[in-house]
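Chains as they are written, first to last, in our numbering: chain A, -19 to 230; chain B, -7 to 327.
Idealized CB from N, CA, C, for every residue including glycine.
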Amino acid sequence: MTRSLFFFVCAALLMACRTDEPVKPRTAASTLRIEVRPEWNGQPLQRYTPYIAPHGYRFQVEFLKMYLSDLRLVSATGESTMEQVRLLDLGNGPFQFDLQVPVGNWLGMRAGIGLPHDLNYTNAALYGDEHPMSVNNGMYWSWATGYKFVLFDGRYDPDPNGTGPLLSTFSVHTGMDTCFTTAELFPALPFGTEKDVTTKLVLRIAVDHFLATPQDTINVTTENQSHGGNYPLALKLTRNVRRSMALEVL
Amino acid sequence: MKWLVPIAVMLVLGGCRRESDPDPTESDAPFALVLPVGFPAPDVPADNPLTVASTALGKALFFDPRLSRDGSISCASCHFPDHAFSDTTALSGGVDGQLGMRNAPSLANVAYHRAFFRDGGVPTLEQQVIAPIHDEVEMDHNINQVATALRYQEPYNTLAMKAFGEPLNAWNLSRAIACYERTLISGWSRYDRYMQGEQTALSDSEIRGMVLFNNDELNCTACHNGHDLSDHDYHNIGLYLTYADVGRERITLDPADNGRFKTPTLRNIARTGPYMHDGSMSTMEQVIDHFASGGLPHVNRDPEMRTFDLSPEQKLDLIAFLNALTDERTIDQVP
């Protein structure tokens, strides 16, 4: 009786309110500060700035967001969950966020790119304004009840010598279970987290690699729309996003 | 351990309330859903029961154009009560005169559907509510902003407190509209009276049409069967050789689902035109002619599609029967 009442109380409390806060680990003694650096050819990515894309045309990013989920620290003996979900807005230059983590020695991180099935198909109305999965963030795909995992929008001009405004638009959104993937983020050296000490890491995201890696290339002059229907393009972007991420210890 | 019970109740009830929130002054009551003879009880989520207050709240929201960005479009703008909660235009419109990509279907008997939209992309009515509010070519708004704007206005404040014990928010807004939509039960036509044994409920022509409808040669009942006259499954009926709207494939990403759309109910078909997912046929005659042709030879065309011949008199009989599927009373049970 006592046990069932306890579970009832816990379940009722969890269900009673909408949530603004993602689930966080309970044991935390150290701070991990992750600086996210969106880059184009090694330089800070600037929105609305024309670059020359790998296929030789002018190209600019206007909106770029992505979800990381189930963020875990990886040690030689196991994993420790840090955070359930985080939305990265990569369109506004470098930024950082702090995670409360256990003390330990770590080889690296794992993070889902996108949202795992159970999280992706929850009712979006459950999440309050400040939650990363709030519908306010423009990542909810209401017609399919899931979320955009990566939102990659901008413009291009097929003429590399053009000087006028970029008029043609591209909009590539990944989503649905098939586009969920996991990033393995292992820096060159292991790192430790100590009690009451902030450990700093840099997460570089090479946005130019979204369009070209040795395995997959995307030419937005011919492949520029994916909203769940253009499946091969969404999968190519998913793979390239995963390959574009690298973790460094500061 | 009896002390744990009141604590639990207090925590649940008090968890989301602020001191400024009004207390619910009356307890809510279950909504007495009336079902036609032979209809099974619909599956209602255990965490979103039909109540007097939740259905009333849902109805008020359903007809409120403030759910749209510019205050011009309500749910009822595309789901007309007089047309069994369907649209009268081929492609349903939204704010700024924009047109969507599909014809808004009837909401009659959605309580029995397994998934929502013509492609079945949304698994619950609660989640479906969010889509038109956010769709740029429909309401182009934000469910959180809608709830915030209406929160302390009446009747929303009183009804939300009574139904959910908290002020209006996106969560209970979606649940309330889902509750209201679950009450839209259709099953009070002359056809239903005939099936219950009232021999004079249908005319001779309508009875001949019913026989045709059930005839294996026409094969209508391969998909239009059951109490809702729909299997609620997805079929390609050879409407096009190349579909501009890929239908179910949009959700499954499976080319075998290209051009497949959910079978619509035939209940109130006389009031739910234009027909097809894109409203491309305006009359029942056109629809019957399409099925009689067997449809276009799309690779995914359903094997149940077959050609048939009808005399002009038989076609009139079939249409007379379809007209007899019209409810004789409103399908809206919420006062």
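Self-check item: Residue-chain proximity (residue 267(A), chain B), Cβ-Cβ < 8 Å
Solution: Lying outside -19 to 230, the shown extent of chain A, residue 267(A) is not represented and no answer is given.
Quiz item: Under 8 Å between C-beta atoms, does residue 224(A) make it to chain B?
Solution: no
Quiz item: What does residue 122(B) touch in chain A if you count any residue whose Cβ is under 9 Å from its own?
Solution: 103, 104, 105, 115, 120, 122 and 125
Quiz item: Shorter than 8 Å from the beta carbon of residue 109(A) to some beta carbon of chain B?
Solution: yes
Quiz item: Does the distance from the CB of residue 357(B) to the CB of residue 252(B) come in under 8 Å?
Solution: As displayed, chain B neither begins before -7 nor continues past 327, which places residue 357(B) out of reach and without an answer.
Quiz item: Counting contacts by CB-CB distance shorter than 8 Å, is residue 126(B) in contact with chain A?
Solution: yes
Exercise. Please determine, among 292(B), 38(B), 23(B) and 36(B), the residue with the shortest C-alpha to C-alpha distance to residue 44(B).
Key: 23(B)
Practice problem: Could you check which residue in 213(B), 304(B) and 208(B) has the C-alpha nearest to that of residue 257(B)? | Solution: 213(B)
Quiz item: Checking contacts by CB at 8 Å: is residue 158(A) closer than that to chain B?
Solution: yes
Quiz item: Could you give the distance in angstroms between the alpha-carbon of residue 203(B) and the alpha-carbon of residue 217(B)?
Solution: 14 Å
Quiz item: With contact counted as at least three CB pairs below 8 Å, one residue from each stretch, are the region 14 to 21 of chain A and the region 70 to 80 of chain A in contact?
Solution: yes
Quiz item: Does DSSP classify residue 10(A) as helix, strand or coil?
Solution: strand
Self-check item: Continuous beta strand (DSSP E) stretch holding residue 50(A): start and end
Solution: 38 to 54
Exercise. Output yes if chain A places a C-beta closer than 8 Å to the C-beta of residue 84(B); else output no.
Key: no
Quiz prompt | Nearest to residue 225(A) (by Cα), restricted to the options 91(A), 121(A), 127(A) and 107(A) | solution = 91(A)
Quiz item: Taking the continuous alpha helix (DSSP H) assigned at residue 50(B), which residues delimit it?
Solution: 44 to 54
Self-check item: Under 9 Å by beta carbon: chain A residues contacting residue 118(B)
Solution: 103 and 105
Quiz item: What does a CB cutoff of less than 7 Å around residue 122(B) pick up in its chain, not counting 5 residues either side in sequence?
Solution: 135 and 166
Exercise. Tell whether a beta-carbon distance below 8 Å holds between residue 29(B) and residue 65(B).
Key: no
Quiz prompt | Within chain A, the residues that residue 217(B) reaches when beta carbons sit closer than 8 Å | solution = Those within 8 Å of residue 217(B) in chain A number zero; the least Cβ separation is about 27 Å.
Quiz prompt | C-alpha gap between residue 157(B) and residue 41(B), whole angstroms | solution = 14 Å
Quiz prompt | Rounded separation between residue 125(B) and residue 230(A) - CA only | solution = 45 Å
Exercise. Give a yes or no on whether the C-beta atoms belonging to residue 242(B) and residue 226(B) are separated by under 8 Å.
Key: no
Self-check item: Collapsed DSSP secondary structure at residue 211(A) in the structure displayed
Solution: helix
Quiz item: Does the distance from the CB of residue 230(B) to the CB of residue 327(B) come in under 8 Å?
Solution: no
Practice problem: Given a cut-off of 8 Å, decide if residue 89(B) and residue 83(B) are closer than it, judged by their beta-carbon atoms. | Solution: no
Quiz item: Are the region 80 to 100 of chain A and the region 33 to 53 of chain A touching, with three or more C-beta to C-beta distances below 8 Å?
Solution: yes
Quiz prompt | Close beta carbons around residue 30(A), own chain, < 8 Å, minus the five adjacent residues each side | solution = 38, 39, 40, 137 and 146
Quiz item: Which term fits residue 294(B), buried or exposed, when burial requires 16 or more other beta carbons within 10 angstroms of its beta carbon?
Solution: buried
Quiz item: Residues in its own chain within less than 7 Å of residue 210(B) by CB, not counting five upstream and five downstream?
Solution: 204 and 300
Quiz prompt | CB contact check: residue 136(B) to chain A, cutoff 8 Å | solution = yes
Quiz item: Any idea if residue 198(B) is buried or exposed, counting beta-carbon neighbours within 10 angstroms, 16 or more meaning buried?
Solution: buried
Practice problem: For the alpha helix (DSSP H) containing residue 76(A), list its first residue and its last residue. | Solution: Looking at the DSSP string, residue 76(A) is not in any alpha helix (DSSP H); the run it does join, the beta strand (DSSP E), is 75 to 81.
Practice problem: Taking only beta-carbon positions, decide if residue 41(B) is within less than 8 Å of chain A. | Solution: no
Quiz item: Using the beta-carbon of each residue, which ones in chain A are nearer than 9 Å to residue 114(B)?
Solution: 122, 123, 124 and 125
Quiz item: Looking only at C-alpha atoms, which of 66(A), 135(A), 140(A) and 113(A) sits nearest to residue 125(A)?
Solution: 113(A)
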